[in-house]
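*Asks:*
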Amino acid sequence: MRQNIKAEDNLKALAITIMRNKFYDQCRHEERNFTTDKVMEVPIEDRRAEQRDEVNLIKQIVAQLPPLQQQIFRMKEIEGYTADEIMQITGCTADNLRKNLSRARLKIRETYMNIVKQNKIKKEEKL
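Number 419 in this note's numbering belongs to position 118 of the sequence shown; there are no gaps in the numbering.
(1) Can you grab the Cα-Cα spacing for the pair residue 356 / residue 312, in whole Å?
(2) Mapping the DSSP letters down to three states, classify residue 368 as helix, strand or coil.
(3) Below 8 Å on the Cβ atoms is my contact criterion, and I expect residue 359 with residue 413 to pass it. Report the Cβ-Cβ distance as a whole number of Å.
(4) Along the alpha helix (DSSP H) that carries residue 387, what are the first and last residues, could you check?
(5) Any idea what DSSP makes of residue 380, helix, strand or coil?
(6) Which class does residue 302 belong to by DSSP, given the choice of helix, strand or coil?
(7) Inspect the beta-carbon positions of residue 387 and residue 373 and report whether they are closer than 7 Å.
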């Protein structure tokens with residue numbers, strides 16, 4: 302089954318999940334109510350372009366990770382390997398695997414949020 306799933310699709314799903322979670326966090330932070338009407342106002346082509354940009358951004362962030370974290374993250378999140386399979390391939394212990402995966406996710410999240418924040422500031426400065 303893993304062979305039938307494209308790595309690009311998994312990365313796209315991850316990008317969408319990060320975008321959605323970021324949106325919900327921002328809504329909670331600003332104490333605004335989310336309505337689906339706001340999402341529906343954005344044309345489909347624009348959403349697809351945003352998704353492509355998000356996928357490319359996450360690819361760039363993943364490429365900046367240390368090699369072992371990069372390998373473990375890709376195997377787990379993109380290729381869908383189980384923890385046991387990853388431990389067998391990489392030679393990591395269960396603790397080492399969890400730590401590296403956690404650090405990779407944290408680094409991706411932090412880097413992504415910093416970039417989004419910088420882009421938001423740039424957009425606000427243009428107004």
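For every residue, glycine included, the Cβ atom is placed at its ideal position computed from N, Cα and C.
Bear in mind that the values here come from a model prediction, so they are computed numbers and not experimental data.
*Replies:* Straight from the coordinates:
(1) So the two alpha carbons sit approximately 6 Å from each other.
(2) helix
(3) With a beta-carbon spacing of about 7 Å, residue 359 and residue 413 fall inside the 8 Å limit used to define contacts.
(4) 384-391
(5) coil
(6) The predicted position of residue 302 is uncertain, since its pLDDT is 45 and thus under 50; a value taken from the coordinates is nonetheless stated next. Coil at residue 302, not helix or strand.
(7) Going by C-beta atoms, residue 387 is nearer than 7 Å to residue 373.
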